[in-house]
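Listed in order, the protein sequences are those of chains A and B.
According to our numbering, numbering within the first sequence proceeds without interruption in unit steps and concludes at 512.
According to our numbering, numbering within the second sequence proceeds without interruption in unit steps and concludes at 512.
Glycine is no exception: its CB is placed at the ideal position from the N, C-alpha and C atoms.
Please read all numbers here as calculations on a predicted model, not as lab measurements.
Notes for the one structure printed next.
Number of protein chains: 2
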Amino acid sequence: MGKFLTTREENYSQWYNELVIKADLAENSAVRGCMVIKPYGYAIWEKMQAALDTMFKETGHVNAYFPLFIPKSFFSKEASHVEGFAKECAVVTHYRLKNKADGSGIEVDPEAKLEEELIVRPTSETIIWSTYKNWIQSYRDLPILINQWANVVRWEMRTRLFLRTAEFLWQEGHTAHATQEEAIEETIRMINVYAEFAEKFMAVPVIKGVKTENERFAGAIDTYTIEAMMQDGKALQSGTSHFLGQNFAKAFDVKFNSKESKLDYVWATSWGVSTRLMGALVMSHSDDHGLVLPPKLAPNQVVIVPIYKGDDQYEIMREAGNKIKNQLKAAGISVLFDDRDTHKPGWKFAEYELKGVPVRLAFGARDMENDTIEIARRDTLEKQTISQENIVETVKQLLEDIQENIYQKALKLREQKTYAVDTWEEFTDIIENKGGFVYAHWDGTTETENKIKEATKATIRCIPVNNPLENGTCIFSGKPSNQRVLFAKAY
Amino acid sequence: MGKFLTTREENYSQWYNELVIKADLAENSAVRGCMVIKPYGYAIWEKMQAALDTMFKETGHVNAYFPLFIPKSFFSKEASHVEGFAKECAVVTHYRLKNKADGSGIEVDPEAKLEEELIVRPTSETIIWSTYKNWIQSYRDLPILINQWANVVRWEMRTRLFLRTAEFLWQEGHTAHATQEEAIEETIRMINVYAEFAEKFMAVPVIKGVKTENERFAGAIDTYTIEAMMQDGKALQSGTSHFLGQNFAKAFDVKFNSKESKLDYVWATSWGVSTRLMGALVMSHSDDHGLVLPPKLAPNQVVIVPIYKGDDQYEIMREAGNKIKNQLKAAGISVLFDDRDTHKPGWKFAEYELKGVPVRLAFGARDMENDTIEIARRDTLEKQTISQENIVETVKQLLEDIQENIYQKALKLREQKTYAVDTWEEFTDIIENKGGFVYAHWDGTTETENKIKEATKATIRCIPVNNPLENGTCIFSGKPSNQRVLFAKAY
């Protein structure tokens, strides 16, 4: 199957596009920029959702649902928010269609024009804070710790499956607090939740940090981010958590009576991850044979393939395969037993390699005699023949090993492709020729940041948390700097 | 708390509206016709989703996600579908806003007009069948058994929380089959899944049947429905499953090669339930004190309220309450221990009555001495003092009893309010004065059906499955009829 996929070496970008489609994760739809998430892709997303939802609830959050549409005027209320979000978006202007007079189809009914246009939500701060206004009078009403699973629309001109689509699925947390300290604590709590999810479940190491003013969420005081390195050395922003200060409370006039009976504006955070994580997952681990999925997110952790000749063997194999399947299932492992007689074992092997199933078990007539089974791991493609006796324990251990191994592999790659440089020459050489993360001194101005971006397409991904202070000079301007920041080209 | 709620007797409709808001299930938003589903309401919806999703997966379905937007032209492809759905809907005509020249806000950018308008999906048959066209070549690609959890928009003029809103949440199954028989079998399988869910989880008895031509889904050959009776005797259509024949396959040219190497159009079904079920749940069981929730869908099955004086007692009670809470949790029961010292026990009792928590446990100083506890059930409001010794078993049994009791109560009410009539006089008397379900003979014509509706507002809810044949004369036209059908006013 590998030969059907462009290799990463040949063309990393094309490899990704082909893999997403060939592994049945998603495809483009008839609607420009909108994707269809296919069952196999959606099954991975469901696993992500389940793990995240549990983590959100464990940290005290509850789910709710707010409207898809936002009145146009809401966007004008928070000045920097409108600049960032209200521009490229889907606008609902009418609420009815009618038959054309000539019977040739339907058309928009000009008489059904909305008084105020509605924006399909690109993010929900405005509609949610207009709602919170009615929920909050006193400090007793705080904190509000709400998350929403939803679809959002941003009218992107150039789209790519999962990485950048006009419509995407995400979760957005929106919390309200009585104090600045509490809101900042929440902002940091949630970026930590995201980092833990990325590393423990996706097996993707991330760097936590703060965005520069330039790269901040529109309307935020501070944006925390987790940045992951893809195999080509580019960064992928994988989740953000925003401290919004009192900006949205002021825009929607949300005040509360404090314990000290003082009237004050409410403090806010918002935080989100999206189906973009699917792109990060694919690009972090997969190889030229197809997907490599971490066991904790794989829809099927194990596939069993029987190798047989004739109907007699087939029946015996089916029985044996089902027995193993049931043993594994009873241990909480998700298993697919592919006993279809319409496809050859070789075809199946290639198929499940493409689909990234972490462990493959295969057995033939000789294995039946010897009570053995072939076990193959997707991450290293190694296989060995083992006794069937301790199959459950062996598989369990192997799934843990694979989860850990692909994390370590991604971490090692990141370490190999991470540099600290002190000159503009080194900087441009790495960004343009080698690819990777570059720690370099920066003078702290947006002007310099923009000029570096114009010259190299590299952006400041973040100022890492607990960044060591160190005196140096800006690689671009030569001005003094007291810390290195993280530069990379990004998706 | 009861006194704050309009009683059902006084005004059933107002009772419902008040209850949904006071019990914190949902509220109207700033966007006309769109609701905010609040955390408590959403927690119930999540329980519904989890149960349904499990049932869908057990019957072989997988989830996927299709675009929010549908190109306008897609609706014209299936003639009856466009009549039913494309008229009252949200139309996206532009993809950008811009700052007004005078700086007074933002406006739609006239230069960003879409070539073809996009409809916010009111239902997804068209976009899904345009996708299935690329997925299906051979009988080997069939069946496709996909479900989608999504939001949809129908521009309703008169809206009510949960019952009829412009945007609502639902699931829509869309399946593709090689034969008519298989598709019909699937249609019936899913209406049975819905009926089982309504009766087992919601504790709402339903009547399964087929819709008349007039009430069919736009584009269906046959629509199966489950109809539930609310406490005021009106019907609420709670779920539908449609046999779509080859209508959508023909509209989108979806053909397959059969086992016999013949080219044929694919057979289709679709089926859905929505947040409307929340309305059915509230109206089936709740009373003048507030919600009555079935234990299987209650976010908290048990609430524990301590009754104490002074800090010393408070500490002892907290310890005791947490111990009971942990015992119940270990048995898989969801428990809230309300140990807040900011609210009095009486306030808490009323609050959890309003919120419909099935079982309330309360204990004071004397209970501590005697090792007893007061246990109250929400459905009957009965309470008794029991020994703490078998608390887990007692609560478990009581939850089962409540689940069964509210089902039986709803069933009994339906039986009391169900009539078989043979004359127009009786018919109008029941529909107009008593309210309820009426089985009556009908001549089988749409003309008569419409005239009955005009005269009484009653509609044919369904022709029940396995309906006994019986000769009679139509209550309206006097023409011959061979079966009674189910009439009622409906939500």
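The Cβ-Cβ distance between phenylalanine 458 of chain A and alanine 301 of chain A does not fall below 8 Å. DSSP places methionine 76 of chain B within a helical segment (H, G or I) once states are collapsed to three. The beta carbon of threonine 244 of chain A sits closer than 6 Å to those of Lys232, Arg237, Phe238, Thr261, His263, all from its chain and outside the five residues before and after it, given in chain order. The beta carbon of threonine 196 of chain A sits no closer than 8 Å to any beta carbon of chain B. The C-alpha of isoleucine 247 of chain B is placed about 15 Å away from the C-alpha of serine 291 of chain B. It is roughly 38 Å from the alpha-carbon of threonine 196 of chain A to the alpha-carbon of glutamate 137 of chain B. In the DSSP assignment, the residues bridged to aspartate 308 of chain B are B/Gly311.
Among the bridge pairs identified by DSSP, glutamate 193 of chain B is matched with B/Gln169, B/Gly293.
Taking C-alpha positions only, alanine 122 of chain B is separated from aspartate 130 of chain B by approximately 11 Å. If you compare the alpha carbons of B/Thr80, B/Ile484, B/Pro501 with that of aspartate 464 of chain B, the shortest gap goes to B/Pro501. Taking the Cα of isoleucine 242 of chain B as reference, the smallest distance to any Cα among B/Phe222, B/Pro226, B/Ala224, B/Leu265 is reached at B/Leu265.
Inter-residue distance for alanine 187 of chain A and leucine 139 of chain B is about 13 Å (C-alpha atoms, whole angstroms). Considering only beta carbons, the part of the segment 105-126 of chain B lying closer than 9 Å to chain A consists of Ala107, Lys108, Glu109, Cys110, Ala111, Val112, Val113, Thr114, His115, Tyr116, Arg117, Leu118, Lys119, Asn120, Ser125, Gly126, in chain order.
Neighbours of valine 141 of chain A in chain B, taken as residues whose beta carbon is under 8 Å from its own, are Leu89, Val113, Val141 in chain order. Straight through space, the alpha carbons of phenylalanine 87 of chain B and alanine 64 of chain A are spaced by roughly 14 Å.
One thing to note: asparagine 172 of chain A has its Cβ no nearer than 8 Å to the Cβ of glutamate 470 of chain A. For tryptophan 463 of chain A, there are no C-beta contacts with chain B under 8 Å, since the nearest C-beta of that chain is about 31 Å from it. Three or more Cβ pairs drawn from the segment 388-400 of chain B and the segment 334-352 of chain B lie within less than 8 Å of each other, which places the two stretches in contact. Here the alpha carbon of tryptophan 288 of chain A sits roughly 17 Å from the alpha carbon of glutamate 193 of chain A.
In the three-state reduction of the DSSP assignment, valine 416 of chain A falls in the helix class. For glutamine 405 of chain B, the secondary structure class from DSSP, reduced to helix, strand or coil, is strand. Using a CB distance below 9 Å, the part of the segment 62-73 of chain B facing chain A consists of Gly62, Tyr63, Ala64, Trp66, Glu67, ordered along the chain. Contact annotation: methionine 69 of chain A and phenylalanine 183 of chain A have beta-carbon atoms that are not nearer than 8 Å.
With a 10 Å radius around the Cβ and a threshold of 16 neighbouring Cβ atoms, proline 489 of chain B comes out exposed. Ranking A/Arg161, A/Pro92, A/Ile205 by CA distance to the CA of serine 282 of chain A puts A/Arg161 first. In the DSSP assignment, lysine 280 of chain A falls outside any alpha helix (DSSP H), carrying neither H nor E.
Remark: C-beta atoms of threonine 114 of chain A and leucine 135 of chain A approach each other more closely than 8 Å.
Under the Cβ distance rule, isoleucine 481 of chain A does not count among the residues neighbouring chain B, no pair being separated by less than 8 Å. Shown here, arginine 161 of chain B sits in a helix according to DSSP, grouped into three states. Burial state of arginine 142 of chain B is buried, judged by a 10 Å Cβ sphere holding 16 or more other Cβ atoms. Chain-order list of chain A residues neighbouring isoleucine 58 of chain B: Ala85, Tyr86, by C-beta distance under 7 Å.
In the three-state reduction of the DSSP assignment, isoleucine 394 of chain A falls in the strand class. Under the Cβ criterion (8 Å, minimum of three pairs), the segment 404-414 of chain B does not count as touching the segment 428-442 of chain B. Residues Gly23, Leu26, Thr28, Arg29 of the same chain have their beta carbon placed closer than 7 Å to that of aspartate 309 of chain B, with the five preceding and five following residues left out of the count.
Proximity to aspartate 360 of chain B across B/Glu374, B/Lys376, B/Gly385 peaks at B/Gly385, based on C-alpha coordinates. Looking at the backbone, the Cα of phenylalanine 277 of chain B and that of phenylalanine 269 of chain B are separated by about 14 Å.
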